[in-house]
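Chains as they are written, first to last, in the working numbering: chain A, 1 to 252; chain B, 1001 to 1293; chain C, 2001 to 2364.
Virtual Cβ for every residue (Gly too), placed ideally from N, Cα, C.
If you're wondering where the values come from, they're calculated on a predicted model, not measured in any experiment.
Let me begin by presenting the structure, written as structure tokens, before commenting on it.
Written out as structure tokens, the structure reads:
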């Protein structure tokens, strides 16, 4: 059984059909790419998968559980975490605290225990600190742990978003244009990190990306989206050499 | 008969709210900010007419024109000095600044004119209309206020639909960036909006003080807040909405004063705001806008 | 190996200190200020004018730090803070007045009265919060203002008395309470409550300031505080990592309201007559507290304490300045916002910071 199963997903805004009859199946441990021209509906699909929008029709199943139409927090609890195209960090909080917000649901203690500083507060906070530093180390951010998130350079902000998403211990990680705004060196480094994350955390990853070098370099399977519909789906090399896909990208 | 009489005063008060609400709604539509100081511009408008008529002996109609000029300049200056530098700041910062401007105007007025209540002489010379053998008296001020409100609304609607500057306002309120690219002078348009809103506030001030002839530095604060309630009630950004919201609010306030409790009238007006925002946050005629992710 | 673990230990300790050190400095400042004032009091060096200001000062400080929880940590502008203070003031005064004869121990009675104030203001915070926290930005601000005014209006219209049959409440006048001859009127509408025992004093005020600071600071540095701040910084991202927006907004708002209620109890037990005037419980009061928060730095608790003290004392100390007090507040608000946000001053600040860095480097 596939980890993520989506059937006949669709949504309209006003009269505009943004996504239509979208199907996808992602196996556990896969590195999957979602590509397509600007305005094809890629981010809308992410928003549908993560509960930001409610689909008009279709079914989304994660690990066999039907999560269609659930709220964003419940979908995160069910096991989908994401990053955003226009970075959405907690700007006025430290780098470490950004990750600790991600750890929130896995390391509980009550508000009262926090205010009264009962023993459990110290115990759980220590666990969180250790786990957060571990995650930051993966992304080479451990030395910046006490900086404000907004003071990080752009490339590191994107990495911090991935670290924060991983902190929620997801089954499926969605990355929305992780390489946007990075130079070729940073992109190459990011590719290694993504591969490392997949191997180390045994993670399943679905990513949106325009950088074809990154897509062909790390994705095993691809779905090409055009005008809100699936244009092509399959192995990366097959899809990228498809004449229809090339036309969609380069125009007539 | 007393019910009709309360209704008439309610509509008249509501018309004043409507004129103030027009200023709120236009500024909110274009600058996307709650101009907390708008109510205090009304108070300044009232003082200008008071000083011009009582102290300088100027003809009341000329005084109204002077007052409009002063308020227009005041509105534009406030926008340029306090709001324009904050156009890309957080909404919290803009709101705090607007509250600051409101306080500034109140306290400058307090220092110049003192805290004592000034008896405002009505500038409306129209006689009261007596109907049904004196059972129903419609104050002349009420008639003038309602007429003024209707004229202003029609004028403003025509201005926005028919003139280039008016259409520029609509464009800027829809999308500042796109308007700029189309060659519209965004800063100029925003200034014009503040100018019109403040000029209207002067008229509202004169009408308010003519109907309730007492003037203090705090005269504008409550009507200002209530007019914002009216603007939200009618749907923020909508000109007919401001008119409907204002008049409904005036009626609600006056009838609650008459039949429920004069002390609780303000509480009831605010309760209306809360209910509207919970049931239909976009108001009677407002549009729905969704946040982009 | 041993050395390494030792090193780790000290490092861990230092880090813990770094978070709490800042808070400890704030607490220490309050204690030092308290000791100085007490010495001045004992040696008779404090004018009666200033002595009268001590308890109100504590009230303002608590109000400022509690509002800063809503504005700085939750990131929403509340203009109804005085309403919660009003609830706390009246509920606790009513409690103390009603049980003046039953509980003889002043300390115990005031302690319970403070709890009553905190609980009733918190309850009110929950009731207000449920509808209000669904809104955002300007709408939230104006609705909190509306709630504050509604609370003040209702309290102004309430008449409450007790007799052998229990409690009687009316919204019209004293007569309509229908009390028996032995009955006692406790709240007389717009005339408010008279005869509240004078239980507040400076020491209790300072203790309450410290408690408020500890509660807020500990909250901010806990899991709950991080959740609240994440909502402030980016609601959509917070939702995407599984933060329950409504729950944490509600917690922050309720704690803020309940501390304002505590400030109300301190305030009401310092006055023999308590009335709900626009001056003390209207939105003007809410805005004055907001000025303290803004001047002290949004989100900065120590700043709120300092700003509340300075802005309360300054106009009283410099005679003649009192007339200009509100004018100064207004200018402070505008100037602070322009200084922090205007592109021109932001660029200037960056330039100065750059310069400072360069000179420091050159020195090295």
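Same chain only: Cβ atoms within 6 Å of residue 2082 of chain C, ignoring 5 sequence neighbours per side: 2148, 2281, 2285 and 2286, listed in sequence order.
Beta-carbon proximity of residue 166 of chain A to residue 197 of chain A, cut-off 8 Å: Contact check for residue 166 of chain A against residue 197 of chain A passes: the beta carbons are separated by less than 8 Å.
Inter-residue Cα distance where the pair is residue 1191 of chain B and residue 41 of chain A: Going by the C-alpha atoms only, they are around 39 Å apart.
Cβ contact (3+ pairs, closer than 8 Å) linking the segment 2181 to 2188 of chain C and the segment 2090 to 2106 of chain C: With a cut-off of 8 Å, the segment 2090 to 2106 of chain C and the segment 2181 to 2188 of chain C count as touching, because enough Cβ pairs lie within range.
Secondary structure of residue 2311 of chain C, DSSP reduced to three states: In the structure shown, residue 2311 of chain C sits in a helix (DSSP, three-state: H, G or I).
Chain C contact for residue 1096 of chain B (CB, 8 Å cutoff): Yes - at least one Cβ of chain C is within 8 Å of the one on residue 1096 of chain B.
Assigned secondary structure, residue 13 of chain A (DSSP; H/G/I helix, E/B strand, else coil): Under the three-state reduction of DSSP output, residue 13 of chain A falls in the strand class.
Backbone CA spacing between residue 1131 of chain B and residue 2293 of chain C [nearest angstrom]: Cα-Cα distance, rounded: 56 Å.
Test item: CB-CB of residue 2262 of chain C and residue 2219 of chain C under 8 Å: It is not a contact, given that the beta carbons lie outside the stated cut-off.
At least 3 beta-carbon pairs within less than 8 Å: the segment 1091 to 1110 of chain B vs the segment 1033 to 1041 of chain B: Output reads yes: the segment 1033 to 1041 of chain B touches the segment 1091 to 1110 of chain B.
Contacts that residue 2156 of chain C makes with chain A (C-beta to C-beta distance below 8 Å): Per Cβ cutoff of 8 Å: no residues; residue 2156 of chain C is ~35 Å from chain A at best.
Simplified DSSP state of residue 2002 of chain C, which is helix, strand or coil: Interpretation of residue 2002 of chain C is limited by its pLDDT of 41, a score under 50 that renders its predicted location unreliable; the figure taken from the coordinates is listed afterwards. If DSSP states are grouped into helix, strand and coil, residue 2002 of chain C belongs with the helices.
Three-state class that DSSP yields for residue 2253 of chain C in the structure shown: DSSP places residue 2253 of chain C in helix when its eight states are reduced to three.
Inter-residue spacing [alpha-carbon to alpha-carbon] between residue 160 of chain A and residue 136 of chain A: Each residue's Cα considered, the two are about 8 Å apart.
Residue-level contact to chain A via CB, residue 2026 of chain C, 8 Å cutoff: Answer no: the Cβ-Cβ gap between residue 2026 of chain C and chain A never drops below 8 Å.
Interface flag, residue 2329 of chain C vs chain B, CB-CB below 8 Å: For residue 2329 of chain C, the answer is yes, since a Cβ of chain B falls inside 8 Å of its Cβ.
Closest by C-alpha distance to residue 1166 of chain B, when choosing among B/1184, B/1139, B/1150 and B/1177: Scanning B/1184, B/1139, B/1150 and B/1177 for the CA closest to the CA of residue 1166 of chain B turns up B/1184.
CB contact below 8 Å: residue 2229 of chain C versus chain B: Residue contact with chain B for residue 2229 of chain C: absent (no Cβ-Cβ distance below 8 Å to any residue of chain B).
Residue 1208 of chain B - DSSP class collapsed to helix/strand/coil: For residue 1208 of chain B, the three-state secondary structure derived from DSSP is helix.
Coil, strand or helix - residue 52 of chain A by DSSP: Here residue 52 of chain A sits in coil by DSSP.
Validate contact between the segment 169 to 176 of chain A and the segment 140 to 154 of chain A using beta carbons, cut 8 Å, 3 pairs: No, because fewer than three Cβ pairs between the segment 169 to 176 of chain A and the segment 140 to 154 of chain A fall closer than 8 Å, the two stretches do not touch.
Beta-carbon proximity of residue 221 of chain A to residue 235 of chain A, cut-off 8 Å: Closer than 8 Å, so yes.
Separation of residue 29 of chain A from residue 2145 of chain C, as counted between CA atoms: If I take the Cα positions, the gap works out to 53 Å.
Cross-strand partners of residue 214 of chain A (DSSP beta bridge): The bridge partners DSSP lists for residue 214 of chain A come to none.
Within chain A, the residues that residue 2239 of chain C reaches when beta carbons sit closer than 7 Å: Using a Cβ-Cβ cut-off of 7 Å, residue 2239 of chain C is close to 72 and 73 of chain A, given in chain order.
Of the residues A/120, A/47, A/125 and A/25, the one placed nearest residue 84 of chain A, counting alpha carbons only: Of the candidates A/120, A/47, A/125 and A/25, the one whose C-alpha sits nearest the C-alpha of residue 84 of chain A is A/47.
Interfacial residues, the segment 91 to 117 of chain A to chain C, with Cβ spacing under 7 Å: Among the residues of the segment 91 to 117 of chain A, those with a Cβ less than 7 Å away from any Cβ of chain C are 91, 92, 93, 97, 100, 101, 102, 104, 105, 109, 111, 114, 115 and 117, in the order of the chain.
Residue 34 of chain A, enclosing beta strand (DSSP E) - first and last residue: Segment 31 to 35, the beta strand (DSSP E) holding residue 34 of chain A.
Euclidean distance between Cα positions of residue 2014 of chain C and residue 132 of chain A: In this predicted model, residue 2014 of chain C has a pLDDT of only 43, less than 50, meaning its place in the structure is not dependable; the value taken from the coordinates is given anyway. Between residue 2014 of chain C and residue 132 of chain A, the alpha-carbon positions lie close to 18 Å from each other.
Residue 2188 of chain C, enclosing beta strand (DSSP E) - first and last residue: For residue 2188 of chain C, the enclosing beta strand (DSSP E) starts and ends at 2184 to 2188.
3-residue-minimum beta strand (DSSP E) runs that sit fully inside the segment 2147 to 2203 of chain C, ordered along the chain: Counting whole runs of 3 or more residues, the segment 2147 to 2203 of chain C contains the beta strand (DSSP E) stretches 2159 to 2163, 2166 to 2170 and 2184 to 2188.
Contacting residues, own chain, Cβ-Cβ under 7 Å from residue 120 of chain A (five flanking each side not counted): Excluding residues within five positions, the ones whose Cβ falls inside 7 Å are 109 and 113.
Start-to-end residues for the beta strand (DSSP E) that takes in residue 220 of chain A: Run containing residue 220 of chain A: none; DSSP gives neither H nor E here.
Rounded Cβ spacing between residue 1010 of chain B and residue 1205 of chain B (contact assumed at less than 8 Å): No, residue 1010 of chain B and residue 1205 of chain B are not in contact; Cβ-Cβ is about 20 Å, not under 8 Å.
Contact list for residue 2243 of chain C against chain A, beta-carbon separation under 9 Å: Those within 9 Å of residue 2243 of chain C in chain A are 73, 76, 101, 104 and 105.
Three-state class that DSSP yields for residue 1214 of chain B in the structure shown: Three-state result, residue 1214 of chain B: strand.
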